[in-house]
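Visitor: Take the sequence shown: its position 385, counting from 1, is numbered 551 in my numbering, and each next residue is one higher.
Glycine residues also receive a C-beta, built at the ideal position from the N, C-alpha and C atoms.
Bear in mind that the values here come from a model prediction, so they are computed numbers and not experimental data.
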Amino acid sequence: MTPKANVLLVDADAESARVQSGILTRAGHRVVSVDRAALALERMRAHNFDLVIVAVELPDGGGIEVLSRFKEASPETPVAVSASRPEVDATILALRKGAYDFLRKPVSEDLLLGLADRAAEIKQMGYERRRALEELHSEKVKNFELRRNLQGQYAFNAILGKSPKMKQIHDLLQEVTATDSTVLVMGESGTGKGLLARILHYNSLRADRPFVEANCAVYSEGILHSELFGHEKGAFTGAVKQKKGRFELAHSGSIFLDEIGDISPATQLMLLRFLQERRFERVGGEETIEVDVRVIAATNKNLQEGMERGSFRNDLFYRLNVIPIHIPPLRERVEDIPTLGMEFLERVSKKTGKSMRGFSSEAMEVMTRYSWPGNVRELENVLERTVILSKGDLIEFSDLPPNLKDGAVEGAEVKLSLYENERLYILKTLAECNWNKKLAASVLGINRSSLYSKLKKYDIGRGPSSN
167 MTPKANVLLV
177 DADAESARVQ
187 SGILTRAGHR
197 VVSVDRAALA
207 LERMRAHNFD
217 LVIVAVELPD
227 GGGIEVLSRF
237 KEASPETPVA
247 VSASRPEVDA
257 TILALRKGAY
267 DFLRKPVSED
277 LLLGLADRAA
287 EIKQMGYERR
297 RALEELHSEK
307 VKNFELRRNL
317 QGQYAFNAIL
327 GKSPKMKQIH
337 DLLQEVTATD
347 STVLVMGESG
357 TGKGLLARIL
367 HYNSLRADRP
377 FVEANCAVYS
387 EGILHSELFG
397 HEKGAFTGAV
407 KQKKGRFELA
417 HSGSIFLDEI
427 GDISPATQLM
437 LLRFLQERRF
447 ERVGGEETIE
457 VDVRVIAATN
467 KNLQEGMERG
477 SFRNDLFYRL
487 NVIPIHIPPL
497 RERVEDIPTL
507 GMEFLERVSK
517 KTGKSMRGFS
527 SEAMEVMTRY
537 SWPGNVRELE
547 NVLERTVILS
557 KGDLIEFSDL
567 PPNLKDGAVE
577 GAEVKLSLYE
587 NERLYILKTL
597 AECNWNKKLA
607 ASVLGINRSS
617 LYSKLKKYDI
627 GRGPSSN
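1) By Cβ distance, which residues of its chain are closer than 7 Å to Phe-483, with the 5 residues on each side in sequence left out?
2) Any idea which residues DSSP pairs Ile-489 with across the strands?
3) With H, G and I counted as helix, E and B as strand and the rest as coil, what does DSSP make of Val-273?
4) Helix, strand or coil: how does DSSP classify Glu-453 here?
5) Whose C-beta lies closer than 7 Å to the C-beta of Glu-414 among residues of the same chain, with five residues either side of it excluded?
6) Report all residues from its chain with a CB closer than 6 Å to the CB of Val-351; omit the five preceding and five following residues, and keep chain order.
7) Is Glu-231 buried or exposed, if buried means 16 or more other CB atoms sit within 10 Å of its CB?
8) Have a look at Met-530 and Val-378 and give me their C-alpha separation to the nearest angstrom.
9) Going straight from the alpha carbon of Leu-511 to that of Gln-434, what length do you get?
10) Am I right that Ala-221 and Asp-267 are in contact with their C-beta atoms under 8 Å? What's the rounded C-beta distance?
11) So, is Glu-643 buried or exposed, given that buried needs 16 or more other C-beta atoms within 10 angstroms?
12) Assuming Ala-171 and Asp-177 form a contact by the criterion Cβ under 8 Å, report the distance between their Cβ atoms to the nearest whole angstrom.
13) With the cut-off set at 8 Å, would you say Leu-261 and Ser-248 are in Cβ contact?
14) Go ahead and pull the three-state DSSP assignment for Trp-601.
15) Identify, in the order they occur along the chain, each residue of the same chain with its Cβ nearer than 6 Å to the Cβ of Tyr-385, setting aside the five sequence neighbours on each side.
16) Please report the residue range of the beta strand (DSSP E) in which Asn-547 lies.
17) With distances taken from CA atoms, which of Leu-566, Pro-169, Leu-279 is nearest Ala-192?
18) Comparing alpha-carbon positions, which option in Arg-460, Asp-565, Leu-621, Leu-610 lies nearest Pro-330?
19) Could you check if Asp-559 belongs to the surroundings of the ligand MG, using beta carbon to heavy atom distance under 7 Å?
20) Mind pulling the alpha helix (DSSP H) runs of 4 or more residues that sit fully within the region 192 to 225?
21) Output needed for Arg-523: all residues of its chain with C-beta closer than 8 Å, excluding positions within five of it in sequence on either side, in chain order.
22) Assuming Arg-209 and Val-197 are in contact, meaning their beta carbons sit under 8 Å apart, how far apart are those beta carbons, in whole angstroms?
23) Would you check if the distance between the CB atom of Phe-141 and the CB atom of Ser-526 is smaller than 8 Å?
24) If we count the other Cβ atoms within 10 Å of its Cβ and call it buried at 16 or more, is Gln-186 buried or exposed?
25) Given Gln-408, which residues of its chain have a CB within under 6 Å of its CB, disregarding the five upstream and five downstream residues?
26) Three-state secondary structure (DSSP) at Thr-403?
27) Between the region 335 to 351 and the region 599 to 618, do three or more beta carbon pairs fall short of 8 Å?
28) Within its chain, find whatever has a CB closer than 6 Å to the CB of Asn-466; leave out the 5 residues flanking it on each side and keep chain order.
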């Protein structure tokens, strides 16, 4: 017979307490429900409970504070903490204080019953089981700390660049993260599509759920089917055991499908069906599996041309292209190169322990005139190599690799100088702001007096009406 738990439910939200109590009682668990911490401590002194579920906010004390008092009163009793919108820091603190789990309201029935069933088993555990539980708890703390670090690493300010195009992307991302809509990220190799996908995930409501990647270009058609959707034991030669696919592993989180433009017609059809129905079968299996995932796809190919050639399905494109984001190549936003350059210089300095001050004007001139076919990735790699090989604390023209200097010289006739680039950038910004200089200065990230100095320097008139 499955053991049942004695549960103490501490929640000032009457409706939440009623629902949780009903779920537990119908499953045979015994529940005592109170709405204050003081009452809960009285009950704990009078009775032995197998599980305590305490809400973060209570009339006579915060849930984290109460948690410590509960653990002092009964160190062996598992205490779970619940909250409507749990913050990562609060979650980590609760786990460090000894919380057995941290629940997001409304708590799902399966999760609640699973917690109660495990609590009932804990009282029958011996020393070895308790030690295993402690190790699991320690691992859970580490996972939450790792998740917090990832959220910091992929904050919105990880999008580098002040050009109008990058500001538009930044603003769009802040709107998109609040939704579960499918996103299609387009851009050349090295522009940062993977970074953008992570920013989308780690700033969304799914941030504490899995982020799973799949590079569609590195697998053959048959292997890709298995990677995405999994397979059953014996489905094909070498399938010695059941395997979950990336979609299944990403359940409740996000999946990033990179190089989506490279998948075969058969895979396109399978992906289309998933996007329509949100369910699939493993390769060689008959069971239909439903998952809840956010799909973020990326490609460096022109899918419009693929549709015209018949190599990419129109219906799949429209399913993927719910929210399109195009990342411009670096050569189309040269005004971002100084910002990117300084950021990468700081990163490499920390990595190598070599302090760097910045770039000479000659070196920056070459960097802004080079076409950067490898985009941001190439810029980062070039600067890492340059810092390691440089003799001083300032990147000079002589420190740059030959291909960079040669590429800049060859393109000198068709590329604009730094002077011309800034002049055109200011003109373009003024035009977009309808020659509102206060607004233009804000967009450019300078004050109005600096803007007027630049207008004089570049001989820019008052607006379309000036001669």
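Guide: Quick look at the numbers:
1) Leu-469, Met-473
2) Note: Ile-489 is bridge-paired with Val-349 in the DSSP secondary-structure output.
3) coil
4) In the three-state reduction of the DSSP assignment, Glu-453 falls in the coil class, being assigned neither a helical nor a strand state.
5) Gly-396, Ile-455, Val-457
6) Lys-359, Leu-362, Ala-464, Ile-491
7) exposed
8) 38 Å
9) 41 Å
10) Incorrect: roughly 14 Å between the Cβ atoms, too far for contact.
11) Lying before the first or after the last residue shown, residue 643 is absent from the chain, which here runs from 167 to 633.
12) Between Asp-177 and Ala-171 the Cβ distance is about 17 Å, and since that is not below 8 Å, they are no contact.
13) Going by C-beta atoms, Leu-261 is not nearer than 8 Å to Ser-248.
14) coil
15) Excluding positions up to five away in sequence, the list reads Glu-393.
16) Counting along the chain, Asn-547 falls outside any beta strand (DSSP E), though it belongs to the alpha helix (DSSP H) covering 541 to 555.
17) Note that residue 192 corresponds to Arg in the displayed sequence, not to Ala. The option with the nearest alpha carbon to Arg-192 is Leu-279.
18) Leu-610
19) Absence of the ligand MG is noted for the structure shown, with no ligands found whatsoever.
20) 203 to 212
21) Asp-559, Leu-560
22) Actually they are not in contact, since the Cβ atoms of Arg-209 and Val-197 sit about 11 Å apart, beyond 8 Å.
23) The structure shown has nothing for residue 141, since the chain only spans 167 to 633.
24) buried
25) Glu-398, Lys-399
26) coil
27) no
28) Glu-354, Ser-355
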